[in-house]
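K.L.:
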Amino acid sequence: MSGRPPVEIDTSKPHPARMYDWYLGGKDNYPVDEAMGRQMLALDPRVPVMARVNRAFMQRSTRWLARSGVRQFLDIGTGIPTEPNLHQIAQEVAPDARVVYCDNDPIVLAHAAALLRGTPEGRTEYLQADVRDPDAVMEGARKVLDLSRPVALSLIALLHFVSDQDGAHDLVRRLMAELPSGSYLVVTHATADFTPEESKAATEKLKAAGVTLALRSREEFTRFFDGFELVEPGVEVPHRWHPELGEPVPGQEDGIIPGYGAVARKV
Ligand SMILES: C[S@@+](CC[C@H](N)C(=O)[O-])C[C@H]1O[C@@H](n2cnc3c(N)ncnc32)[C@H](O)[C@@H]1O
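Once you know that position 266 of the sequence shown is 266 in the working numbering, the rest is easy, because the numbers rise by one and skip nothing.
#1: Considering only their Cβ atoms, is the gap separating phenylalanine 73 from glycine 261 smaller than 8 angstroms?
#2: Taking arginine 18 and tyrosine 30 to be in contact with their CB atoms under 8 angstroms, please state how far apart those CB atoms are, rounded to whole angstroms.
#3: Please specify which runs of the alpha helix (DSSP H), each continuous and at least 4 residues long, are wholly inside the stretch 22-81, giving them in chain order.
#4: Do isoleucine 107 and aspartate 28 have their C-beta atoms closer together than 8 angstroms?
#5: Under 7 angstroms from any heavy atom of ligand 1, does the C-beta of aspartate 10 make it?
#6: Are the C-beta of arginine 265 and some C-beta of chain C separated by less than 8 angstroms?
#7: Is leucine 127 helix, strand or coil by DSSP?
#8: To which residues of the same chain is phenylalanine 221 closer than 6 angstroms at the C-beta, ignoring the five residues directly before and after it?
#9: What is the rounded straight-line gap between the Cα of alanine 208 and the Cα of aspartate 10?
#10: DSSP on threonine 188, reduced to helix/strand/coil?
#11: If you measure from the CB of phenylalanine 161, is any heavy atom of ligand 1 nearer than 7 angstroms?
#12: Please go through the same chain and pick out, in chain order, the residues whose beta-carbon is closer than 7 angstroms to the beta-carbon of glutamine 252, but skip the five residues on each side of it.
#13: Look at the Cβ atom of threonine 195, then the Cβ atom of aspartate 44, and state whether they are nearer than 8 angstroms.
#14: Measuring only the C-alpha atoms, how far is histidine 169 from glycine 255?
#15: To the nearest angstrom, how far is the alpha carbon of glycine 26 from that of glutamate 204?
#16: Using the three-state DSSP reduction, which class does arginine 216 fall into: helix, strand or coil?
#17: Please state the DSSP three-state secondary structure of alanine 209.
#18: Pair every Cβ in the stretch 58-70 with every Cβ in the stretch 169-178, then say whether three or more of these pairs are closer than 8 angstroms.
#19: Could you please give the first and the last residue of the uninterrupted beta strand (DSSP E) stretch that includes alanine 97?
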């Protein structure tokens, strides 16, 4: 979109988008991201499996939504492009689907062109904005999406970077308030419920490096969907949500995946 600020990449501290890229085997990360990624792996060697399981949830949920008739997608916390990206899944089912990607990290902005490659003009856009500023997100989104028609809002592996002090639950409520009934909310989120000690150590290490990690319990996760109708099977560990819609991730059954995923409909 127009008016993009100049891209400045801070390589002095780890960034969630770049660490995630490193877990997924990408090349768009820096030594500081790899160093912190290795510390996370020392605490729990399954972190790369978790990243892949999360990515696979995005693909299956997008497929489910597109097959259910959703034609507009707003994906906040998009991350560095990793094929297939959300628009490729949605537009494979429905070529007329419109997708707005949004992230606040300058490295994602730097890769926005790759994210949009191969998509018909005007059907996929990238917006540089922070989820903590829902008015700015919605102002950008409405340039591409018709907000009088249903939209799937996806916040995938995003909200654990948004603290309670920043009002994570209220932000979701405000974003969903802008969307009409028939819209959907899609969330995955890391939790300390299954691995409390490792999770506590990870949270402290990240905090010391300037990264917020707000792990939430099943109950706190479920509260994001208050007032909406959960799609079957409700709140699940991500790889058990409609597994029939994609391929299993190697290693996903070898141990606990400490996260939750769910999709809900605004009635
Ligand atoms: C772990 S990645 C998830 C990427 C993608 N959604 C996925 O699941 O494959 C988290 C993303 O959220 C972005 N992010 C973190 N805080 C954000 C904020 N306040 N506003 C917008 N994006 C944010 C990060 O830059 C990063 O790209």
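Note that the Cβ used here is the ideal one computed from N, Cα and C, for glycine as well.
P.N.:
On the basis of the data shown:
#1: In the sequence shown, counting from the first residue as 1, residue 261 sits at position 261. In the sequence shown, counting from the first residue as 1, residue 73 sits at position 73. Going by C-beta atoms, glycine 261 is not nearer than 8 angstroms to phenylalanine 73.
#2: Here residue 18 refers to the residue found at position 18 when the sequence shown is read from its first residue. Here residue 30 refers to the residue found at position 30 when the sequence shown is read from its first residue. 6 angstroms between Cβ atoms; contact.
#3: 31-43 and 47-67
#4: Residue numbering aside, residue 107 sits at position 107 when the sequence shown is read from its first letter. Residue numbering aside, residue 28 sits at position 28 when the sequence shown is read from its first letter. Result yes, Cβ atoms of isoleucine 107 and aspartate 28 sit closer than 8 angstroms.
#5: Within the sequence shown, numbered from 1, the residue matching residue 10 stands at position 10. No, the beta carbon of aspartate 10 sits no closer than 7 angstroms to any heavy atom of ligand 1.
#6: Structure shown: chain C not included; a single protein chain is present.
#7: Residue mapping note: residue 127 aligns to position 127 of the sequence shown, counting from 1. Strand, per DSSP.
#8: Here residue 221 corresponds to residue number 221 of the sequence shown, with the count starting at 1. The answer, listed in chain order, is His189 and Tyr260.
#9: As a working mapping, residue 208 is identified with position 208 in the sequence shown. As a working mapping, residue 10 is identified with position 10 in the sequence shown. Their Cα atoms are separated by approximately 16 angstroms.
#10: Here residue 188 refers to the residue found at position 188 of the sequence shown. If DSSP states are grouped into helix, strand and coil, threonine 188 belongs with the strands.
#11: For the purposes of this step, residue 161 is taken as the residue at position 161 of the sequence shown. Checking every heavy atom of ligand 1 against the Cβ of phenylalanine 161, one is found closer than 7 angstroms.
#12: Sequence index remark: in the sequence shown, residue 252 carries index 252 (1-based). Closer than 7 angstroms at Cβ, skipping near neighbours: Val49, Val53 and His239.
#13: On the sequence shown, residue 195 is found 195 positions in, with the first residue counted as 1. On the sequence shown, residue 44 is found 44 positions in, with the first residue counted as 1. Yes, Cβ-Cβ distance for threonine 195 and aspartate 44 is below 8 angstroms.
#14: Within the sequence shown, residue 169 is the residue found at index 169, counting from 1. Within the sequence shown, residue 255 is the residue found at index 255, counting from 1. If I take the Cα positions, the gap works out to 29 angstroms.
#15: Along the sequence shown, one-based indexing puts residue 26 at 26. Along the sequence shown, one-based indexing puts residue 204 at 204. Roughly 25 angstroms separates the two Cα atoms.
#16: Residue numbering aside, residue 216 sits at position 216 when the sequence shown is read from its first letter. Arginine 216 falls in the coil class under three-state DSSP.
#17: Taking the first residue of the sequence shown as position 1, residue 209 is located at position 209. Coil, per DSSP.
#18: no
#19: Position 97 of the sequence shown holds residue 97. No beta strand (DSSP E) holds alanine 97; DSSP gives it neither H nor E.
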